[in-house]
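**Student:** Provided herewith is a single structure, encoded as structure tokens, for subsequent inquiry.
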Amino acid sequence: MAIYDRQFEILRPTLDGLLMATEDVADVNLLDPTSSTVVPLIDGELLQFDATGKLVRGTTANQGQPAFFNVEWRGATEVQAGRKVTVVMGGTFLADTIVWAGAPTLGGELEMATINNARFGTVDRAGLQPQSSGLVMGYAIKLPAINGGRLQFIQALV
Amino acid sequence: MSVHEQLLNQLDNPAAKTKIAAEFKGYIRDHLRETSYAEAVLPPQTVDKSECQVSVNHDSLVKIENLEPGSRAMVVNFRGQPRANFIRGQRVAVPFLTIMSDMFEKPEQEFLAYSYPIGKVLEQNCVKDIGEIQDREFTIHIESAVQALQAEANGGAVTALNATALAGGAPPVEFSVVKGELARTAATDTGVVLPIQRPDVVSLMKLLDGNRLESDLLLMTSVDWDDILQWTSEDNGDKVQSETVVNGYKYNLLLGKRYVRTIKTDILRPGNVYAFTSPDFLGRFYVLNNIKFYIDKVINLIKFVAWKDIGMSIVNIASVRKLELYSGDATSADTDSILSQVTPKAESDLGAQNNRAGAGEFFPQTVTF
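The listed protein sequences correspond, in order, to chains A and B. Under the working numbering, the letters of the first sequence match residues 196 to 353, in that order. Under the working numbering, the letters of the second sequence match residues 8 to 376, in that order.
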């Protein structure tokens, strides 16, 4: 298990208090934990719907559109077998994540972007960074320096 | 007393009215619901967690299946020795997943507006709905299996299989997919389904029988099955022909093979006929948790949902073969743009309603105010 696996944790509320949706992915290689074709998804990455109604990894180019947090652990076999991913589509929640970059400030707004960090394998992933022009995805509640390297945020897209 | 008078008398009897409503089912049905055909091809086996394996990387379950090891024999001289064979058995992991119904919900007061047990009807139907998704997954897997072998036989590449290619100078190898006789000679490459012929079934069986396997069961839609009733005396013989013209085809076997037919033509699309070996050559279908129901009432809101945990795997992809009764290409190349017609519809499009009552189409039309 890589050090960046299973590092996204929703602290409040419990999952039954959130709107969780299981949707098809456009590229099933995203679900292959050993894929050499694409960077496999990890929990905490942000996904968006494409024109066919399937989920794709979020990108900086689509910052202005809603994105949803993936809660599936990398390699989960029922995810691979069903070719679907579960994302949080609604409800405010508080969570810890390692899929962040930049220099977030306490209470600062966060946006989705394509980021790259040694913390999650030095590959491009869809995560959080301090907001500049994209849709506000959340607000920093606890900074990584005092949270074991994980950014604690409250999700704002409701 | 005439039957009509009996009925009128019954309608005045409160107890009889309940019975009559039950006889009329209390509602107009929309479409037939059928049990899972995947379970007919691969009989499910119940397992529990003690038989499954877990990963250190996630909390999903798999069940490890062992495959038959390879072996061979050889002629050896008196002074010779055999070849060494270091024993190694292959294994595959059968993953589990959950199939879940909608979460049905309604305030209890609104249930009073229905003269039949609508909740009970939905409860029964959602079990069949779960079976339909089972069938959809199964159909996707068997199609992947035949197309994987078909690509391997054609140089490792997805190669269009249509009437045009088959008539060309270098036709693709029909290793795990074979076209029907009428499809093979069609003038154009389309998704139009042509009637199944007796030689088509034989060609399908030979795909398995020619690979040291034995065809055991055929799967087809009722639409394709109906075309068997068009077979002539040359195909059936006079005895069967005279029987079928009156009673239809009532035998349990077709050309010596068991068959399963389905009305779920939005999952197994017409024109696709599959042949399978016996289940122990084909794969596994496990039930980790059979249908479970959850029902809850919060203040006046009643809600319920059903789900089932299954594991399904086509372990030996050589144990399934396909007959296509249309001339167009059904590989992932989709050369003739027919893939959407010949592959299972999306989950959200399954079980589409037949009735149009919601759109105001019922007759005679009356307006209540």
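No residue lacks a Cβ here, since even glycine has one placed at the ideal position from N, Cα and C. Note that this is a predicted model, so its numbers are computed, not measured.
Tell me, to the nearest whole angstrom, how far the beta carbon of ARG205 of chain B is from that of TRP238 of chain B; I am working on the premise that it is less than 8 Å.
**Tutor:** The distance from the Cβ of ARG205 of chain B to that of TRP238 of chain B is about 6 Å, consistent with a contact at the 8 Å cut-off.
**Student:** Among B:ASP234, B:ASN296 and B:VAL199, whose alpha-carbon lies nearest the alpha-carbon of ASP207 of chain B?
**Tutor:** B:ASP234
**Student:** TYR281 of chain B and VAL327 of chain B: beta carbons closer than 7 Å?
**Tutor:** yes
**Student:** Please report whether the beta-carbon of THR254 of chain A lies at a distance below 7 Å from any beta-carbon of chain B.
**Tutor:** For THR254 of chain A, the nearest beta carbon of chain B is not closer than 7 Å to its own beta carbon.
**Student:** Strictly below 8 Å CB to CB, what residues from chain A border SER62 of chain B?
**Tutor:** Neighbours of SER62 of chain B on chain A, chain order: GLY270 and THR272.
**Student:** Identify each residue in the stretch 271 to 296 of chain A for which the Cβ-Cβ distance to at least one residue of chain B is less than 7 Å, and report them in chain order.
**Tutor:** Cβ contacts with chain B: ALA271, THR272, GLU273, GLN275, ALA276 and GLY277.
**Student:** Consult DSSP for GLU331 of chain B and reduce its assignment to one of helix, strand or coil.
**Tutor:** strand
**Student:** Is LEU224 of chain B closer than 7 Å to PHE283 of chain B when the C-beta atoms are compared?
**Tutor:** yes
**Student:** Taking buried to mean at least 16 other C-beta atoms within 10 Å of its own C-beta, is ILE321 of chain B buried or exposed?
**Tutor:** buried
**Student:** Give the C-beta separation of MET319 of chain B and GLU144 of chain B to the nearest angstrom, bearing in mind that I take them to be a contact with Cβ-Cβ under 8 Å.
**Tutor:** Right, their Cβ atoms sit about 6 Å apart.
**Student:** Quick one: residues in its chain with C-beta nearer than 7 Å to the C-beta of SER240 of chain B, no 5 flanking neighbours on either side, listed in chain order?
**Tutor:** GLN248
**Student:** Just list the residues that DSSP pairs GLU368 of chain B with in beta bridges.
**Tutor:** Under the DSSP definition of a beta bridge, GLU368 of chain B partners with B:ARG363.
**Student:** Looking at the strands, I want to know which residues DSSP matches up with TYR266 of chain B.
**Tutor:** B:LEU225
**Student:** So, using beta-carbon positions, are LEU242 of chain A and GLY259 of chain A closer together than 7 Å?
**Tutor:** No, these two residues do not count as a Cβ contact at 7 Å.
**Student:** Rounded to the nearest angstrom, what separates TYR334 of chain A and SER67 of chain B at their Cα positions?
**Tutor:** 32 Å
**Student:** In whole angstroms, what is the alpha-carbon distance linking ASN169 of chain B and VAL230 of chain B?
**Tutor:** 22 Å
**Student:** So that I know if they touch, is there some Cβ in chain B lying closer than 7 Å to that of MET196 of chain A?
**Tutor:** Taking Cβ atoms only, chain B reaches closer than 7 Å to MET196 of chain A, which makes this a yes.
**Student:** Since THR300 of chain A sits in a beta bridge, which residues does DSSP pair it with?
**Tutor:** Partner(s): none; THR300 of chain A has no beta bridge.
**Student:** Taking 7 Å as the CB-CB cut-off, is PHE315 of chain A touching chain B?
**Tutor:** no
**Student:** Drop a sphere of 10 angstroms on the beta-carbon of ARG269 of chain A, count the other beta-carbons inside from all chains shown, and report buried for 16 or more, exposed for fewer.
**Tutor:** buried
**Student:** Is it buried or exposed, MET212 of chain B, if we count other Cβ atoms within 10 angstroms and call 16 or more buried?
**Tutor:** buried
**Student:** Looking at the strands, I want to know which residues DSSP matches up with ASP316 of chain B.
**Tutor:** B:THR105 and B:ASN296
**Student:** So what's ASP291 of chain A in DSSP terms, helix, strand or just coil?
**Tutor:** DSSP places ASP291 of chain A in strand when its eight states are reduced to three.
**Student:** Per DSSP, VAL283 of chain A forms a beta bridge with which residues?
**Tutor:** A:MET215 and A:PHE264
**Student:** Hey, PHE288 of chain A and LEU213 of chain A: beta-carbon distance below 7 Å or not?
**Tutor:** yes
**Student:** Using a Cβ-Cβ distance under 7 Å, would SER67 of chain B count as near chain A?
**Tutor:** yes
**Student:** Which value, in whole angstroms, describes the spacing of the CA atoms of GLU367 of chain A and LYS186 of chain B?
**Tutor:** Absent from the structure is residue 367 of chain A, since the part of chain A shown begins at 196 and ends at 353.
**Student:** Once DSSP output is grouped into helix, strand and coil, what is the label at MET212 of chain B?
**Tutor:** helix
**Student:** Using the DSSP secondary-structure output, state which residues sit across from PRO325 of chain A in a beta bridge.
**Tutor:** A:LEU305
**Student:** Can you give, in chain order, each stretch of the alpha helix (DSSP H) that sits fully within the stretch 217 to 255 of chain A and has at least 4 residues?
**Tutor:** none
**Student:** Comparing C-alpha positions only, which one of B:LYS304, B:PHE300 and B:GLY367 sits nearest to ALA313 of chain B?
**Tutor:** B:PHE300
**Student:** Alpha carbon to alpha carbon, how far is SER57 of chain B from LEU189 of chain B? Give it in angstroms, no decimals.
**Tutor:** CA-CA distance, LEU189 of chain B to SER57 of chain B, rounds to 51 Å.
**Student:** Using a beta-carbon distance cut-off of less than 8 Å, what residues from the stretch 94 to 111 of chain B approach chain A?
**Tutor:** ALA100, PRO102, PHE103, LEU104 and THR105
**Student:** Do you know offhand how far GLU267 of chain A's Cα is from ILE237 of chain A's?
**Tutor:** For GLU267 of chain A and ILE237 of chain A, the distance between alpha carbons rounds to 7 Å.
**Student:** Can you tell me which of A:THR272, A:ASN265, A:ARG320 and A:ALA296 puts its alpha carbon nearest to the alpha carbon of LEU346 of chain A?
**Tutor:** A:ALA296
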